[in-house]
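Engineer: Sequence order for the protein chains is G and Y. The first sequence lines up with residues 139 to 269 when you count with this note's numbering. The second sequence lines up with residues 1416 to 1602 when you count with this note's numbering. Once you've had a glance at the structure underneath, I'll fire off some questions.
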Amino acid sequence: TVGCVAVDNEGNLAAATSTGGLVNKMVGRIGDTPIIGAGTYANSLCAVSATGKGEAIIRGTVARDVAALMEFKGMSLEQAAALVVGDRVPKGNVGLIAVSATGEVTMPFNTTGMFRACATEDGHSEIAIWD
Amino acid sequence: MGWAIALHGGAGDIPLSLPPERRLPREACLRHCLQVGVHALKSKKSPLDVVELVVQELENNPNFNAGRGSVLTTNGTVEMEACIVDGKTMRCGAVSGLKTVVNPIYLARLVMEKTPHIYLGFEGAEAFAREQGVETVDASHFITPENVERLKQAREANRVQIDYNAQPVQKDMKREELIPDGDSQIG
């Protein structure tokens, strides 16, 4: 699975995800990627793209949960994403990338690794696989 | 506030021992895609255009599980899916079950912009792609030797489990085997 999330200077947000799914999956199997609110989501607060075991991400409505924790509990992007990845889905199953309307970036995962990269206007940038 | 961008190439059981010949091309692709995305943001492209552009780059790289390089179904075929969401308008586009479309994310965007729907799948999505004149290729274009090998290993893993289980095994995702070549293609 691959994904990208972005926010511009006006706070406009978007998310995109694309995948081949799981090795040896059944023909006709749908994963989390095309399910709005599971593997991919964006609203006026944040944009999220998830990866990992699709069935766990769908059950956990992962991407929407991050946005909902911000919307209804007033959490920051980092707090919301950390709670969902750390507490709401089985270990070893999920990673996600997310940006907020205020330009925050977070890339938590509970698997061994996640291929990821990010950059912000204030000059921070990162390319990583493991913790 | 300032602009920001993040991208991923999948999460899973990626062992620390991943050999350089597998790690370096992936890191190089992440670096390239990040540069493409940052340049697009600095050029004032909309976040929607930026995320589509970056995901297309990632789909075209055979090292990642999307587009060319997609992992294979149990029948050895490719079924790709993609999704795009615009936070400003909550418009969405999603596709599943694609076999011939070079960039699934582009078709997802067309679903969002040119149909009254959010999600098209399988033959309907393929027919829409042809109607829209979207670039398509023979399904074999997406199948890489690495993923043929991965499928073989995954099948063998399943066969071993079935041999040990009198009952037909319900694949236990928690026992997902770490594919020996290092990239567990779980996502």
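Backbone N, C-alpha and C fix where the C-beta goes; we use that ideal spot for every residue, glycine too. Computed from a prediction, not measured in an experiment: that's the story for all the values here.
Which residues in the same chain as Ile1520/Y place their Cβ atom closer than 7 Å to its Cβ, once the five residues preceding and following it in sequence are excluded?
Structural biologist: Closer than 7 Å at the Cβ level, and outside the excluded window around Ile1520/Y, lie Glu1467, Val1470, Gln1471, Glu1474, Ala1497 and Ile1499.
Engineer: Since Ala354/G contacts Ala220/G with CB under 8 Å, what's their CB separation in whole angstroms?
Structural biologist: There is simply no residue 354/G to check, as chain G begins at 139 and stops at 269 in what is shown.
Engineer: Mind listing the chain B neighbours of Asp260/G? Cutoff is C-beta to C-beta under 7 Å, in chain order.
Structural biologist: Going by chain labels, chain B is absent from the structure shown, which instead holds the protein chains G and Y.
Engineer: Any beta carbon from chain G within less than 8 Å of Met1505/Y's own beta carbon?
Structural biologist: With 8 Å as the cut-off, Met1505/Y counts as an interface residue toward chain G.
Engineer: My output table needs one value for His1423/Y: the three-state DSSP class, helix, strand or coil.
Structural biologist: Strand at His1423/Y.
Engineer: Express the C-alpha separation of Gly1508/Y and Ala209/G in angstroms, rounding to a whole number.
Structural biologist: For the record, residue 209/G in the displayed sequence is Glu; it is not Ala. So the alpha carbons of these two residues sit roughly 23 Å apart.
Engineer: Give me the Cα-Cα distance between Ala1421/Y and Ala255/G, rounded to the nearest whole angstrom.
Structural biologist: Straight-line Cα distance between these residues: approximately 6 Å.
Engineer: Counting C-beta neighbours from all protein chains within 10 Å, is the total for Asn1490/Y 16 or more, i.e. buried, or is it exposed?
Structural biologist: Flag for Asn1490/Y reads exposed.
Engineer: Report yes or no: do three or more beta-carbon pairs, one from the segment 1453-1462 of chain Y and one from the segment 143-152 of chain G, lie closer than 8 Å?
Structural biologist: Yes, the segment 1453-1462 of chain Y touches the segment 143-152 of chain G.
Engineer: So, at 7 Å on beta carbons, what are the nonlocal neighbours of Ala257/G in its own chain, with the 5 sequence-adjacent residues on each side left out?
Structural biologist: Counting only Cβ-Cβ distances below 7 Å, and skipping sequence neighbours, we find Ser263.
Engineer: Of all the CB atoms in chain G, is at least one closer than 8 Å to the CB of Ile1558/Y?
Structural biologist: Judged by the 8 Å Cβ criterion, Ile1558/Y is not in contact with chain G.
Engineer: Rounded to the nearest angstrom, what separates Asn231/G and Gly1427/Y at their Cα positions?
Structural biologist: Roughly 7 Å between the two C-alpha positions.
Engineer: Within 10 Å of its beta-carbon, does Leu207/G have 16 or more other beta-carbons around it, so buried, or fewer, so exposed?
Structural biologist: When all chains shown are included, Leu207/G counts as buried.
Engineer: Going by the beta-carbon positions, is the gap between Phe247/G and Val223/G smaller than 8 Å?
Structural biologist: In this structure, Val223/G lies closer than 8 Å to Phe247/G by Cβ.
Engineer: With hydrogens ignored, establish whether the beta-carbon of Pro1462/Y is closer than 7 Å to any heavy atom of the ligand NAP.
Structural biologist: In the structure on display, the ligand NAP does not appear, and there are no ligands present to speak of.
Engineer: Considering Cα atoms alone, identify which of Met1527/Y, Ser1555/Y, Pro1477/Y and Val1552/Y is closest to Thr157/G.
Structural biologist: Of Met1527/Y, Ser1555/Y, Pro1477/Y and Val1552/Y, the residue nearest in Cα terms is Pro1477/Y.
Engineer: Going along the chain, which residues of its own chain have a beta-carbon closer than 7 Å to the beta-carbon of Val243/G, five neighbours each way excluded?
Structural biologist: The answer, listed in chain order, is Val237, Cys256 and Thr258.
Engineer: Kindly identify the DSSP beta-bridge partner or partners of Arg1506/Y.
Structural biologist: Bridge partners of Arg1506/Y: Asp1501/Y.
Engineer: Do the segment 1553-1565 of chain Y and the segment 1520-1538 of chain Y meet, that is, are 3 or more Cβ pairs less than 8 Å apart?
Structural biologist: Counting Cβ pairs under 8 Å, fewer than three are found: no touch.
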